[in-house]
Each structure stands twice: as structure tokens, then as C-alpha cells.
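Heads up: the sequence shown begins at 45 in our numbering, then just goes up one per residue.
We put the CB at the ideal spot given by N, CA and C, even for glycine.
It should be emphasised that the depicted structure is a prediction, and the values quoted were computed from it without experimental measurement.
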Amino acid sequence: MKKLFLCLIVSCVLMSMVFAAGEQEASSDSEGIIIAYVTPALHVPFWKNVSDGIKQEAEKVGQKVIIIDSDSELNAATQLQNVQDLIQRGVDGIIISPTDSASCPPVLELAKADGIPVVISDIGTDSGEFVSFIISDNFEGAYQAGAYLADIMKKKGWDGGDVAQIAISQARQNGRDRTAGFAKAMDEAGINIVNLLQCNQYTRGESFNFTQDLLAAHENLHGLFTQHDEANLGALSALENTGDYKIIAHVGFDGSPETVEAIKSGDQIAAASMQQPVLMGRESFKAMWEYLNGGTPEEKVLVPTILVTRENVLDVEDQLADNVFPAELEARK
Numbered sequence: 045m046k047k048l049f050l051c052l053i054v055s056c057v058l059m060s061m062v063f064a065a066g067e068q069e070a071s072s073d074s075e076g077i078i079i080a081y082v083t084p085a086l087h088v089p090f091w092k093n094v095s096d097g098i099k100q101e102a103e104k105v106g107q108k109v110i111i112i113d114s115d116s117e118l119n120a121a122t123q124l125q126n127v128q129d130l131i132q133r134g135v136d137g138i139i140i141s142p143t144d145s146a147s148c149p150p151v152l153e154l155a156k157a158d159g160i161p162v163v164i165s166d167i168g169t170d171s172g173e174f175v176s177f178i179i180s181d182n183f184e185g186a187y188q189a190g191a192y193l194a195d196i197m198k199k200k201g202w203d204g205g206d207v208a209q210i211a212i213s214q215a216r217q218n219g220r221d222r223t224a225g226f227a228k229a230m231d232e233a234g235i236n237i238v239n240l241l242q243c244n245q246y247t248r249g250e251s252f253n254f255t256q257d258l259l260a261a262h263e264n265l266h267g268l269f270t271q272h273d274e275a276n277l278g279a280l281s282a283l284e285n286t287g288d289y290k291i292i293a294h295v296g297f298d299g300s301p302e303t304v305e306a307i308k309s310g311d312q313i314a315a316a317s318m319q320q321p322v323l324m325g326r327e328s329f330k331a332m333w334e335y336l337n338g339g340t341p342e343e344k345v346l347v348p349t350i351l352v353t354r355e356n357v358l359d360v361e362d363q364l365a366d367n368v369f370p371a372e373l374e375a376r377k
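1) If you run the structure through DSSP and keep just helix, strand and coil, what is Q363?
2) Do you know whose CA, among I167, S317, I112, lies nearest R216's CA?
3) If I measure Cβ to Cβ from A120 and keep anything under 6 Å in the same chain, skipping five residues before and after, which residues do I get?
4) State the beta-bridge partners of L351 as determined by DSSP.
5) Could you check the C-alpha separation between L240 and H272 for me, to the nearest Å?
6) Please tell me whether G296 and I313 are closer than 8 Å, where the distance is taken between their beta carbons.
7) With 16 as the cutoff for other CB atoms within 10 Å, does L358 come out buried or exposed?
8) Out of L373, Q125, N367, F252, state which residue places its alpha-carbon closest to the alpha-carbon of I98.
9) How many Å lie between V88 and Q123 at the Cα?
10) At what residues does the alpha helix (DSSP H) containing Q128 begin and finish?
11) If we call anything under 8 Å between Cβ atoms a contact, is C243 one with I212?
12) Quick check: M230 and A282, are their CB atoms within less than 8 Å of each other?
13) Please report the straight-line C-alpha distance between E75 and K108, rounded to a whole angstrom.
14) Determine the DSSP secondary structure at V94, reduced to helix, strand or coil.
15) Please state the DSSP three-state secondary structure of A211.
16) Using only the alpha-carbon positions, how far apart do D73 and D221 sit?
17) Have a look at Q68 and E343 and give me their C-alpha separation to the nearest angstrom.
18) Between the Cα of D298 and those of T349, I112, F226, Q209, spot the shortest distance and give me the residue it belongs to.
19) Between I139 and V163, is the Cβ-Cβ spacing less than 8 Å?
20) So N264 packs on G201, CB below 8 Å; how close in whole Å?
21) Can you find the residues in the same chain that come closer than 7 Å, C-beta to C-beta, to M318, ignoring five residues on each side of it along the sequence?
22) I need the boundaries of the beta strand (DSSP E) containing A293, first residue and last residue.
23) Do you know offhand how far A331's Cα is from V304's?
24) Quickly, what does DSSP pair R163 with across the bridge? List them, please.
25) Spatial neighbours of G234 within its chain, please: C-beta separation below 8 Å, excluding the five flanking residues on both sides.
26) When you compare only the Cα positions, how much space is there between D115 and K198?
27) Are the Cβ atoms of V105 and S165 separated by less than 8 Å?
28) Once the 5 residues before and after A208 are set aside, which same chain residues still bring their CB inside 8 Å of it?
29) Rounding to the nearest angstrom, what Cα-Cα distance links E117 and W91 in this structure?
30) Taking the alpha helix (DSSP H) that G201 belongs to, which residues open and close that run?
31) Measure the beta-carbon distance from I196 to A275 and round it to whole angstroms, keeping in mind my assumption that it falls under 8 Å.
32) So the candidates are E232, G225, T223, L277; which of them puts its Cα closest to the Cα of G249?
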């Protein structure tokens, strides 16, 4: 009798264990594939647009995919801690836009140790292993903006003047590429670059102050290249405030509806090479999904920029609304 009772207990325990394992497996299946998007700062519209592109592409795969947004708050230590937390949660893949290229290698090491694939979306890394790198053609976009600036300066008789840059961090690979592309255009035109100021806060106020400093320091300044959208708009405000937009040709990188309106006006921002963050997000998810399904995505995918000028701005408006700044347009509704 005791033996029978013991057998019943063992059977019940085994059945409970099987049930618990099945319940856990069902829970995992019901949760779906989890992919984290680690972003420098969600308050910056550009990264919101990348995130939206990732989610749009995830909706097309025909099975449940959960996208988690992880905000690094422009802080490398926060980024690393967030990634540690995501790994503990058991994510299936990480798409990261690093805070800068130097902060990415530790993230890649953590992910590699746990066998988690990583796709880098913009900015880049100084070293480490990753599945794919999705990046705007920053060099070519900056070169095109610089060539357009040089042409304007020549037409106005300012080609003997100086130019300056308000740049994103040169610790980022994309920042170095933008600086190099612009420098090539200036070198070809024989125009002197007198200064480069790097942004830390990425706010309009910061670039407003930078522009004032540049105007005060360089009497022969006739050209300005701003490397991100808040810098475009901060510099624009400073030039309007002093009236110097009449003697300085201004081109930028990145875009927003406000930048487009300034280009349309004909006497403010002359042109801007605009990234397509929504398209970058889509390409980032495609690369991750291909890898998770046993494929080998391209190691590097270059997403073209759009040089928006006074001449073509009306022709490209629909493309801008879809791929460049839909989040900003949605926020205006």
C-alpha cells in the first residue's frame, strides 16, 4: 500500500513538472520573438523615426514580434546597464544606435558572451562583432551639401570667404564621415574651413550660442555647415537674430518640417542632406530578421540621403513625409 501511495506521489510530481514545463514553453511562445531597440535618446525625433521603421517592418513578418525601446538618455553608462537588463530578460536580438562609437564595443562584448545577435543602426562602433551595420551615406551626403554651399558662395562672390561647422560628436563614426565629406567639397572648391564646434547637448540653444561665437570670432565667415537638425534650426535663429543670413550661406544635415519651411523661404537654409531614419529602421529589422531565420545579411547597408534644395523641395515632399520626419508630422496633428 505504501509502495502504491509512493508511486502515486511520484507520478503526480512528474506530471506537475511536465505541466509546468509545458506552461513555461507556451508562455514563451505566446510572448513571441523579442527584439530590443537601444537608442541614444527617445526625446530626439530622429530616433523615434528609426524605432517606428523597425516596428513597421516587424508587423510584416506574419508572427508575433515584440519590439522594446530602450532609452540610453545620451549616457554610455545607462546604455550599458540597459543592455545588461535586456540580456537578463532574454531578448532574442538587439538593434542598437550607440551613444557614440566608443561606447558600443562593451555592448557587443556582453551580447556576444550570451549569444545574442546585434545589428547596429547608425553611428557605428570602434570595434567588435555584429550582424550588420545600417548607416546613412554620411560622407556623400555631407559632400553634396558642401558642394552646394560652395556653388552658392561662388555665385555670390564669397568664394574667398571662410566657412565653419557645427558638428555632431567626432567620437561617432558618422560625425567623422560628415566632417570628412564636407572637407572634401571645401578642398575641391578652395574654400577655407576656420572652425569646428562639437555639440554635446544637441539642442537649438547650444547651436544658437555656437553660431554667435563663430560670428564674433570670424569676420570673413560666409558659409556655415550644421551637422544635425537642431543645429540647423539653432543656427538659423542666430543668423536671423543678427541679420547675418544675408551674408552667410547656410547648409545642413538632417531635416524636419521646420527645416523644409526654411529651405522653401529662399533666404534662410539653402539646402540640407536629409537622412531617412524610417528607412534605416526598416533595413535594421530586415537584417535582424534574416539572421534570426538562418540567413546571412549584408555586413554593411548604406542608406542614401536626400539633398533637399530650394530647387527640388516641392518634388521630394512626399518622400520626406514618409521616410524622414513622419513622427514630427504626427506630433503636429
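Put simply:
1) Q363 falls in the helix class under three-state DSSP.
2) The candidate whose alpha carbon is nearest that of R216 is I167.
3) Closer than 6 Å at the Cβ level, and outside the excluded window around A120, lie T143, S147.
4) DSSP, once it has assigned bridges, lists S317 as partnering L351.
5) Rounded to the nearest angstrom, the two C-alpha atoms are 14 Å apart.
6) Yes, these two residues count as a Cβ contact at 8 Å.
7) Only exposed fits L358, as fewer than 16 other CB atoms lie within 10 angstroms of its CB.
8) With distances taken between Cα atoms, I98 lies closest to N367.
9) Cα to Cα, V88 sits roughly 16 Å from Q123.
10) Per DSSP, Q128 belongs to the alpha helix (DSSP H) from 120-133.
11) C243 places its beta carbon less than 8 Å from that of I212.
12) Against a cut-off of 8 Å, the Cβ pair of A282 and M230 comes out as no contact.
13) The alpha-carbon separation between E75 and K108 amounts to approximately 8 Å.
14) Taken through DSSP and simplified to helix, strand or coil, V94 comes out as helix.
15) Correct three-state label for A211: strand.
16) Bear in mind that the predicted position of D73 carries a pLDDT of just 40, short of 50, making it too unreliable to give a figure here.
17) With a pLDDT of only 32 at Q68, under 50, the local geometry of the prediction cannot be trusted, and the value read off the model is given with reservation. If I take the Cα positions, the gap works out to 35 Å.
18) Closest by alpha carbon: T349.
19) Closer than 8 Å, so yes.
20) That pair is no contact at about 13 Å.
21) Excluding positions up to five away in sequence, the list reads D298, G299, T349, I350, V352, L364, V368.
22) Segment 293-297, the beta strand (DSSP E) holding A293.
23) Computed Cα separation, rounded: 31 Å.
24) Here residue 163 is Val; the residue named in the question, Arg, does not match the sequence. In the DSSP assignment, the residues bridged to V163 are I139, S176.
25) These residues qualify, in order along the chain: D203.
26) If I take the Cα positions, the gap works out to 44 Å.
27) No, they are not a contact pair.
28) Excluding residues within five positions, the ones whose Cβ falls inside 8 Å are I237, V238, N239, L240, L241, L258, H262, L265, G267, L268, F269.
29) One Cα belongs to E117, the other to W91, and the distance between them is close to 12 Å.
30) DSSP places G201 in no alpha helix (DSSP H); its state is neither H nor E.
31) I196 to A275, Cβ: 19 Å. No contact.
32) Residue nearest to G249 within the set E232, G225, T223, L277 is L277 (criterion: CA-CA distance).
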